[in-house]
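651 is the number that the numbering used here gives the last residue of the sequence shown; the numbers go up by one with no jumps. By construction, the Cβ of each residue, glycine as well, lies at the ideal position given by its N, Cα and C atoms. Only a predicted model underlies this, so the values are computations on that prediction, with no experimental measurement involved.
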Amino acid sequence: MKNLTKRYGILDRISGTEDLRDMTFPVQEELCTALREFILDHVSQTGGHLASNLGIVELSVALEREFDSRRDRIIYDVGHQCYVHKILTGRKNDFDRLRMYGGLCGFMKPDESITDPCITGHASSSVSVALGMAHARTIRGEKYHVIAVIGDGALTGGMAYEALNDAGASREPLIVVLNDNNMSIDKNVGGMARHLAKLRVSPRYMAAKNRLKQALSHIPGGKAVTAQGTKFKQAIKSVMLPSSMFEQMGFTYLGPVDGHDLKELSFHLQLAKHLKCPVLLHVMTQKGRGYRYAEEAPEKYHGVSKFDLVSGQLPASAPGFSTVFGQELVKLAQKDGRICAITAAMPSGTGLSAFAQQFPNRFFDVGIAEEHAVAMTAGMAKQGLRPVCAVYATFLQRSYDQLIHDVSIAGDIPAVFAIDRAGIVGADGATHNGTFDIPFLRTIPGMTILCPSNFAELRTMITQAFYHNTTGGAIAIRYPRGGEGHFQQDTAADWACCIRSHPCPDVTIVTYGILINQAIEAAERLESDGVSVNIWKINRISAEREALSREMLQSFAPHLAVLEDVVQNGSFSEVILRTLMQQGRNEIQVHCFHTGNRFLPHGSVQEVYRLCGIDGTSVARSLRACLDLRKDESIG
Numbered sequence: 016m017k018n019l020t021k022r023y024g025i026l027d028r029i030s031g032t033e034d035l036r037d038m039t040f041p042v043q044e045e046l047c048t049a050l051r052e053f054i055l056d057h058v059s060q061t062g063g064h065l066a067s068n069l070g071i072v073e074l075s076v077a078l079e080r081e082f083d084s085r086r087d088r089i090i091y092d093v094g095h096q097c098y099v100h101k102i103l104t105g106r107k108n109d110f111d112r113l114r115m116y117g118g119l120c121g122f123m124k125p126d127e128s129i130t131d132p133c134i135t136g137h138a139s140s141s142v143s144v145a146l147g148m149a150h151a152r153t154i155r156g157e158k159y160h161v162i163a164v165i166g167d168g169a170l171t172g173g174m175a176y177e178a179l180n181d182a183g184a185s186r187e188p189l190i191v192v193l194n195d196n197n198m199s200i201d202k203n204v205g206g207m208a209r210h211l212a213k214l215r216v217s218p219r220y221m222a223a224k225n226r227l228k229q230a231l232s233h234i235p236g237g238k239a240v241t242a243q244g245t246k247f248k249q250a251i252k253s254v255m256l257p258s259s260m261f262e263q264m265g266f267t268y269l270g271p272v273d274g275h276d277l278k279e280l281s282f283h284l285q286l287a288k289h290l291k292c293p294v295l296l297h298v299m300t301q302k303g304r305g306y307r308y309a310e311e312a313p314e315k316y317h318g319v320s321k322f323d324l325v326s327g328q329l330p331a332s333a334p335g336f337s338t339v340f341g342q343e344l345v346k347l348a349q350k351d352g353r354i355c356a357i358t359a360a361m362p363s364g365t366g367l368s369a370f371a372q373q374f375p376n377r378f379f380d381v382g383i384a385e386e387h388a389v390a391m392t393a394g395m396a397k398q399g400l401r402p403v404c405a406v407y408a409t410f411l412q413r414s415y416d417q418l419i420h421d422v423s424i425a426g427d428i429p430a431v432f433a434i435d436r437a438g439i440v441g442a443d444g445a446t447h448n449g450t451f452d453i454p455f456l457r458t459i460p461g462m463t464i465l466c467p468s469n470f471a472e473l474r475t476m477i478t479q480a481f482y483h484n485t486t487g488g489a490i491a492i493r494y495p496r497g498g499e500g501h502f503q504q505d506t507a508a509d510w511a512c513c514i515r516s517h518p519c520p521d522v523t524i525v526t527y528g529i530l531i532n533q534a535i536e537a538a539e540r541l542e543s544d545g546v547s548v549n550i551w552k553i554n555r556i557s558a559e560r561e562a563l564s565r566e567m568l569q570s571f572a573p574h575l576a577v578l579e580d581v582v583q584n585g586s587f588s589e590v591i592l593r594t595l596m597q598q599g600r601n602e603i604q605v606h607c608f609h610t611g612n613r614f615l616p617h618g619s620v621q622e623v624y625r626l627c628g629i630d631g632t633s634v635a636r637s638l639r640a641c642l643d644l645r646k647d648e649s650i651g
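See below:
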């Protein structure tokens, strides 16, 4: 990696956040410049979240200066904007391995530092967690500050409103810093975006207030009017700011404040922590600040791979499942006016940008509100449309109740769910791995899960979901992040198929989805050692179709391996184990390969596969050992 020996001036002389206390504002500004340079140098070499971290530099410095993050609890909602916090709290030298296996996590992680108060990775939860911590502080009679830093994008999530409503009514001393950059990953949508746009006219409110005060001071009785203070301010606010939602919830509202003005930030943070009540500090920042390319296209530089810092050129990415999904949906929508697309603040991430441009009246970005997205999808399907809700597997977890209550209980709602980032996602780690979708979807009656292994099967399965739904219920299509592997045959017509057969196999491997490529690699390695292998590929998983076919059962070898990229509990291996037990097939020894009942670290997909033992090499090695053990036992 480049720049390992580069010096960063004032930043290199900081040993901890206590060094910020006596810094003058000009020196702090110098530090902010160095921090941006450091972030750009390192993220351009490792990849990571760029625009959000460049935008929050001054705010992070001000928070670390005015509070003690070793004792005070500073919670960054989502957590992908915590790089400055990590740099200033002793992890600067770890940034050369940012988001790499065994290296620094890209999100808040208490295992790394006591200054990370909790795990973060999903949006809209910070205020809830912060209020819980504030209640704990009060009940235990302790003294520390609790601060939730939440972006305007995260305020599109319903959980944030539930927490704000409760926090304001609680009167618990708590500071909510609203980092308003008018962005999440894509452009913000909805009523909250419009509300914040109104609040941003506060400079007009201040100017109008001052002009009116001056005018009143020159007329008889005018000074008496201005002396009433609070009533005067409320009257002006009612004219200039038609709705102050946060104040109605019980917060003392401060701002908007320039989020790049250290002096203003420090003043308002000091004011907030002395108010001893729920405070919402509205801070306006620029996403991507300090790097022209990120300022001009913050959504493009939200999460980046390694890139050229000088030109801003991002590496060309090969087509992935998300892209293919979006392209195929556009083709179908051109012929069928009933097809609609719904997403929760992820139009680009789920491949729907082209659909949104071509069919704006049939595209719905609901913000970070997965529960709402799923329930709305159900309503559209019930009324005769053909909606597809595109959502990351890890975020669909939030909508479990809606999948049951609004989608599946009726049994005849043909809603389609495109589940992106299923399985192992890589550098984003534990909070973003989609290792729970098969287990929780399998529990829902009427839910069918389609598991494409390549682009051709994805295209076929989208058509199947819309037009060949034999159950009449909901259908989920799960596919991984990134591209396809070597297996590119379209087998989607069958619920399961044998793609590698042997009349008398030593080993049978059963798998689904992208892991078919690992199964084939394992088979090839075993066969090079003289071990015969057949492979069964599952294309559809559902509660109604969990009885294995007679053909499949009869083909099973004495050693049966089930290969999956999900947790053990609720995995498809349970279906096979139960079926074999019911059939009395005790002679078959089943070997389950999965991610284990645990949360997985960040790292490349292949590294995490190896950690779990579900890569082709590891599977072959494990099965080889089992076969050798069997031979030894037969000799004995």
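- Item | As assigned by DSSP and simplified to three states, the class of Ala-430 | coil
- N-terminal and C-terminal residue of the beta strand (DSSP E) that Leu-295 is part of: 293-299
- Query: Closest by CA to Tyr-482, which one among Gly-399, Ser-139, Ser-557, Lys-315?
  - Reply: Gly-399
- Task: Kindly indicate the opening and closing residues of the alpha helix (DSSP H) around Leu-456.
- Result: 452-457
- Using the C-alpha atoms, what's the distance from Ala-356 back to Glu-44? 45 Å
- In whole angstroms, what is the alpha-carbon distance linking Lys-315 and Gln-569? 52 Å
- Rounded straight-line distance, which links the Cα of Val-76 to that of Glu-33: 11 Å
- Going by Cα to Cα distance, which pick from Gly-335, Ala-348, Arg-515 is closest to Arg-436? Gly-335
- Message: Can you tell me whether Phe-481 is helix, strand or coil according to DSSP?
- Response: helix
- Item | Any 3 or more C-beta pairs closer than 8 Å across the region 329-346 and the region 492-499 | yes
- Query: Which value, in whole angstroms, describes the spacing of the CA atoms of Glu-279 and Gly-303?
  - Reply: 20 Å
- Item | Three-state secondary structure (DSSP) of Gln-604 | strand
- Could you name each continuous beta strand (DSSP E) segment of 3 residues or more that falls completely within the region 281-366, going from the start of the chain to the end? 293-299, 354-358
- Task: Report buried or exposed for Ser-30, applying the criterion of at least 16 other Cβ atoms within 10 angstroms of its Cβ.
- Result: exposed
- Task: State the DSSP-derived secondary structure class of Pro-495, mapped to helix, strand or coil.
- Result: coil
- Query: Quick one: is Cys-519 buried, meaning 16 or more other Cβ sit within 10 Å of its Cβ, or exposed?
  - Reply: exposed
- Task: Identify whether Ile-112 lies in helix, strand or coil by the three-state DSSP scheme.
- Result: Checking the sequence, you will find Arg at residue 112 rather than Ile. Three-state DSSP puts Arg-112 in a helix.
- Query: Can you give, in chain order, each stretch of the beta strand (DSSP E) that sits fully within the region 381-428 and has at least 3 residues?
  - Reply: 401-407
- Message: Give me, in chain order, the residues of the same chain whose beta-carbon lies closer than 8 Å to that of Gln-504; leave out the 5 immediate sequence neighbours on both sides.
- Response: Asn-469, Ala-471, Ile-514
- Task: Rank Gly-183, His-420, Trp-510 by C-alpha distance to the C-alpha of Thr-485 and give the top, closest one.
- Result: Trp-510
- Coarse secondary structure for Asn-549, derived from DSSP in three states: strand
- Around the Cβ of Asp-421, are there at least 16 other Cβ atoms within 10 angstroms (buried) or fewer (exposed)? buried
- Message: Does the structure place the region 106-123 close enough to the region 437-454 that three or more beta carbon pairs sit under 8 Å?
- Response: yes
- Three CB pairs or more closer than 8 Å across the region 141-160 and the region 182-200: yes
- Message: On a Cα-Cα basis, can you pick out the residue from Val-525, Asn-601, Glu-602 that is closest to Asp-580?
- Response: Val-525
- Message: Give me, in chain order, the residues of the same chain whose beta-carbon lies closer than 8 Å to that of Ala-169; leave out the 5 immediate sequence neighbours on both sides.
- Response: Asp-92, Val-93, Ala-138, Ser-139, Ser-141, Ala-175, Ser-199, Ile-383
- Query: Which residues mark the beginning and the end of the alpha helix (DSSP H) in which Ser-67 is found?
  - Reply: 66-70
- Query: Quick one: what's got a C-beta closer than 8 Å to Ile-165's C-beta in the same chain, skipping five residues either side?
  - Reply: Asp-92, Ser-139, Ser-141, Val-142, Ala-175, Val-191, Val-192, Leu-193, Asn-194
- Message: Is the beta carbon of Asp-643 closer than 8 Å to that of His-574?
- Response: no
- Item | Close Cβ partners of Ala-408 (< 6 Å) along its chain, the five nearest in sequence each way excluded | Ile-434, Arg-436, Ala-437, Gly-449, Asp-452
- Task: Check Tyr-159 in the structure and name its three-state DSSP category.
- Result: coil
- How many whole angstroms separate the CB atoms of Val-381 and Ala-371, which I take to be in contact at a CB cut-off of 8 Å? That pair is no contact at about 13 Å.
- Message: DSSP has Asp-195 in a bridge; who is on the other side?
- Response: Met-299
- Message: If distances are taken between C-alpha atoms only, which option among Gln-60, Val-546, Asp-351 comes closest to Arg-401?
- Response: Asp-351
- Task: Go through its chain and collect everything with a Cβ distance to Ala-50's Cβ below 7 Å, but skip five positions before and after it.
- Result: In the sequence as presented, Ala is not what sits at residue 50; that position holds Leu. The residues are Leu-26, Val-72, Val-99, Ile-102.
- Mind checking whether Ser-516 and Asn-549 have CB atoms under 8 Å apart? yes
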